[in-house]
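Asker:
Residue numbers (our numbering): 2 to 80.
#1: Given 8 Å as the limit, is there contact between the segment 44–54 and the segment 24–31, that is, 3 or more CB pairs closer than that?
#2: Using DSSP with H/G/I as helix, E/B as strand and the rest coil, what is residue 5?
#3: Do you know whose CA, among 63, 52, 15, lies nearest residue 71's CA?
#4: Output needed for residue 60: all residues of its chain with C-beta closer than 8 Å, excluding positions within five of it in sequence on either side, in chain order.
#5: Do you know offhand how far residue 56's Cα is from residue 65's?
#6: Could you check if residue 7 belongs to the surroundings of the ligand PLP, using beta carbon to heavy atom distance under 7 Å?
#7: Can you list, in chain order, the stretches of the beta strand (DSSP E) that have 3 or more residues and sit fully within the segment 43–70?
#8: Starting from the Cα of residue 54, find the closest Cα among 74, 22, 7 and give me that residue.
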């Protein structure tokens, strides 16, 4: 944006917030007679790892690719 490099930061909800959401969803399910929802497990699998790059997949199926800022080969891909 206007010649600046910007980073996008998306915070992950903490376990307490996740439990509140699941509990609220379960209360709503009582009236709709749907099966009870379990609290999701918090984990991630590391799919690839080296000194410059990490690729991981969360329990919810989200993929994250993280590279070091000083990795010169990745800089053209970020522009």
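The C-beta atom is built at its ideal place from N, Cα and C for all residues, glycine as well.
Answerer: Walking through what the data contain:
#1: no
#2: coil
#3: 52
#4: 41, 42, 43, 44, 45
#5: 6 Å
#6: The model depicted lacks the ligand PLP and carries no ligand whatsoever.
#7: 45–50, 54–59, 64–68
#8: 74
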